[in-house]
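> I have a structure I would like to understand better, so I am pasting it below and will then ask my questions one at a time.
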Amino acid sequence: MAHAVLLTGESGVGKKTLARYFAQALLCEKGGDGPCGQCRGCRRFLARTHPDAVFPAPLPKEKTIRIDSLREMIENLSHHSLEGGRRVIVIENAERMTPQAQNCVLKTLEEAPEDVYFLLTCDVESALLPTVRSRCRIVRVQPWPGERIKRALLGQGVPPDRAETLSRYCEGSLGRALQMQQDESYWAAREAVQKTFLSVAGQKDIAAAVQALQNQRDQGDRLLDIMEQEVRALLHGKATGASGAGADFPPLWQEASEKSLCRILEAILTFRRQRGANVNFAAAADHFMQIIVEETKTWQA
Ligand SMILES: [Zn+2]
44 MAHAVLLTGE
54 SGVGKKTLAR
64 YFAQALLCEK
74 GGDGPCGQCR
84 GCRRFLARTH
94 PDAVFPAPLP
104 KEKTIRIDSL
114 REMIENLSHH
124 SLEGGRRVIV
134 IENAERMTPQ
144 AQNCVLKTLE
154 EAPEDVYFLL
164 TCDVESALLP
174 TVRSRCRIVR
184 VQPWPGERIK
194 RALLGQGVPP
204 DRAETLSRYC
214 EGSLGRALQM
224 QQDESYWAAR
234 EAVQKTFLSV
244 AGQKDIAAAV
254 QALQNQRDQG
264 DRLLDIMEQE
274 VRALLHGKAT
284 GASGAGADFP
294 PLWQEASEKS
304 LCRILEAILT
314 FRRQRGANVN
324 FAAAADHFMQ
334 IIVEETKTWQ
344 A
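Numbering-wise (my numbering), the sequence shown opens with residue 44 and increments by one.
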């Protein structure tokens, strides 16, 4: 194990979980490949009472990890191990360290005794000083495959239809999937997309759909993000023959041509631009749905 490991990757892919796992393994008294979970070292680590594990974090009401508190923690730990073995410093969201605090870590890395280990996590590598990065072994935690996310969500009691949707749209991040699952406004926005953009089959439906969207106008960007994700997934499914794509669409959309879907994607961009330019929301929504209706006509032929 390197003396400093930096775990990077998308938010929610499990960097902190992995960092804690490594830390526990370092402090496990059984000394196997992974932590045993039973020994005194493991139990104390899990209870957060292990004297040789510290978790520097911002002070209450502060956003950054400052050098003073970090230095004190590190100094206490570096001079002597309370348990006579390894010492572990876990810095989650390491980008919250001020540059001075990062330099303090760097200095410690250069001078630290053999058995001091640093475990850092950070979403974006470049948020840390290059000098710190270059002293770390970098572990890039990969996004999870959709099937594994789905299994994990089902295991946590998430209903199957939601688990399916989340596994497709969480970008391989279980943490994000769990956050989305609890966010009722996300599900409300999905439902609004279903009942408006995806349900207009003719001119006669547009007025009611625009009316329904008026209540959701604050969520406009989110509705468009969801619509874009859905259309892209359908397009991707058509291009690759992947199963499951378009499961959220009404049957007619299964007939959509790739050309049509591209035109609808362009219309989403236009809608976004119009929102940015303060075009009346109802007018922009009306225009967008006119294009959807025009395209759906070509699928019925
Ligand atoms: Zn153990």
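From the three backbone atoms N, C-alpha and C, an ideal C-beta is built for every residue, glycine too.
(1) How many angstroms separate the CA atom of I334 from the CA atom of G198?
(2) Taking F331 as part of the alpha helix (DSSP H), name the residues at either end of that continuous run.
(3) When you compare each of L295, C85, Q81, L120 to F98 by their alpha carbons, which one comes out closest?
(4) Tell me where the beta strand (DSSP E) around R180 begins and ends.
(5) Which residue spans inside the region 277-325 form an unbroken beta strand (DSSP E) run of at least 3?
(6) Which residue marks the beginning of the beta strand (DSSP E) containing A47, and which one marks its end?
(7) Could you name each continuous alpha helix (DSSP H) segment of 4 residues or more that falls completely within the region 51-133, going from the start of the chain to the end?
(8) What number of angstroms, rounded off, separates the C-alpha of M223 from the C-alpha of S216?
(9) Taking the alpha-carbon of C305 as reference, which of A320, R316, Q81, A282 has the nearest alpha-carbon?
(10) Answer yes or no: the CB of G128 versus the heavy atoms of ligand 1, is any distance below 8 Å?
(11) In whole angstroms, what is the alpha-carbon distance linking D261 and L241?
(12) Starting from V159 and walking both ways along the beta strand (DSSP E), at which residues does that stretch end?
(13) Taking the alpha-carbon of V184 as reference, which of R265, P78, A66, V48 has the nearest alpha-carbon?
(14) Return helix, strand or coil for I44, following the three-state DSSP convention.
(15) Hey, which unbroken runs of the alpha helix (DSSP H) at 4 residues or more fall wholly within the region 177-220?
(16) Compute every distance between the C-beta of P78 and the non-hydrogen atoms of ligand 1, then say whether any falls below 8 Å.
(17) What are the boundary residues of the alpha helix (DSSP H) that includes L241?
(18) Can you tell which of E138, S112, I110, Q67 has its C-alpha closest to the C-alpha of V131?
(19) Which whole-angstrom value is the C-beta distance of R211 and A232, which I expect to be below 8 Å?
(20) Hey, would you say the C-beta of Q67 is under 8 Å away from at least one heavy atom of ligand 3?
(21) Do you know how far the Cα of V175 is from the Cα of A135?
(22) What do you reckon, is the C-beta of E72 under 8 Å from a heavy atom of ligand 1?
(23) Just curious, the alpha helix (DSSP H) that A137 is in, first and last residue?
(24) Figure out for me which residue from I117, D76, F292 has the closest Cα to the Cα of P94.
(25) Buried or exposed, going by whether 16 or more other CB atoms sit within 10 Å of the CB of P78?
(26) Starting from A144, follow the alpha helix (DSSP H) in both directions and report where the run begins and ends.
(27) Would L61 pass as a contact of M44 if the rule is Cβ separation under 9 Å?
This is what the structure gives:
(1) What you label residue 334 is simply residue 291 of the sequence shown in a count that begins at 1. What you label residue 198 is simply residue 155 of the sequence shown in a count that begins at 1. Distance between the alpha carbons of I334 and G198 is about 41 Å.
(2) Residue mapping note: residue 331 aligns to position 288 of the sequence shown, counting from 1. 324-343 is the span of the alpha helix (DSSP H), which, as asked, contains F331.
(3) Along the sequence shown, one-based indexing puts residue 98 at 55. Comparing alpha carbon positions, the residue from L295, C85, Q81, L120 closest to F98 is L120.
(4) As a position in the sequence shown, residue 180 is number 137, starting the count at 1. Counting along the chain, the beta strand (DSSP E) containing R180 begins and ends at 180-183.
(5) Along the length of the region 277-325, whole beta strand (DSSP E) runs at least 3 residues long do not occur.
(6) As a first step, residue 47 must be located in the sequence shown, where it is residue number 4. Here the beta strand (DSSP E) through A47 covers 47-51.
(7) Within the region 51-133, the runs of alpha helix (DSSP H) that reach at least 4 residues and sit entirely inside it are, in chain order, 58-70, 83-89, 110-122.
(8) Within the sequence shown, residue 223 is the residue found at index 180, counting from 1. Within the sequence shown, residue 216 is the residue found at index 173, counting from 1. Cα to Cα, M223 sits roughly 11 Å from S216.
(9) As a first step, residue 305 is located in the sequence shown; it is residue number 262 there, counting from the start. Closest by alpha carbon: A282.
(10) Residue 128 sits at position 85 when you count from the first residue of the sequence shown. Flag unset: Cβ of G128 not near ligand 1.
(11) Walking along the sequence shown from the start, residue 261 turns up at place 218. Walking along the sequence shown from the start, residue 241 turns up at place 198. It is roughly 19 Å from the alpha-carbon of D261 to the alpha-carbon of L241.
(12) The residue labelled residue 159 in the question sits at position 116 within the sequence shown. For V159, the enclosing beta strand (DSSP E) begins and ends at 159-165.
(13) The count along the sequence shown starts at 1 and reaches residue 184 at position 141. Answer by Cα proximity: V48.
(14) Taking the sequence shown and counting its residues from 1, one reaches residue 44 at position 1. Correcting the residue type first, residue 44 is Met in the shown sequence and not Ile. It is coil, neither helix nor strand.
(15) You should have 189-198, 203-212.
(16) Residue 78 sits at position 35 when you count from the first residue of the sequence shown. Yes, ligand 1 has a heavy atom inside 8 Å of this Cβ.
(17) Position 198 of the sequence shown holds residue 241. Taken as a continuous stretch (DSSP letters only), L241 belongs to no alpha helix (DSSP H), as it is neither H nor E.
(18) The count along the sequence shown starts at 1 and reaches residue 131 at position 88. Out of E138, S112, I110, Q67, Q67 has the C-alpha closest to the C-alpha of V131.
(19) By one-based count along the sequence shown, residue 211 stands at place 168. By one-based count along the sequence shown, residue 232 stands at place 189. Contact between R211 and A232 does not hold, since the beta-carbon distance rounds to 16 Å and is not under 8 Å.
(20) This structure does not include ligand 3; its bound ligands are ligand 1.
(21) For the purposes of this step, residue 135 is taken as the residue at position 92 of the sequence shown. For the purposes of this step, residue 175 is taken as the residue at position 132 of the sequence shown. Reading the sequence as shown, one finds Glu at residue 135 and not Ala. Their Cα atoms are separated by approximately 15 Å.
(22) Counted from its first residue, the sequence shown places residue 72 at position 29. Correct: E72 has its Cβ closer than 8 Å to ligand 1.
(23) Position 94 of the sequence shown holds residue 137. It is not in any alpha helix (DSSP H) - A137 carries neither H nor E in the DSSP assignment.
(24) Reading the sequence shown from its first residue, position 51 is the one you call residue 94. Looking at the Cα atoms, I117 is the closest of the given residues.
(25) Here residue 78 corresponds to residue number 35 of the sequence shown, with the count starting at 1. Classified as buried, P78 has 16 or more neighbouring CB atoms from the shown chains inside 10 Å of its CB.
(26) Position 101 of the sequence shown, counted from the start, is the residue given in the question as residue 144. Segment 142-154, the alpha helix (DSSP H) holding A144.
(27) Here residue 61 refers to the residue found at position 18 of the sequence shown. Here residue 44 refers to the residue found at position 1 of the sequence shown. When the beta-carbon positions are compared, L61 and M44 stay at least 9 Å from each other.
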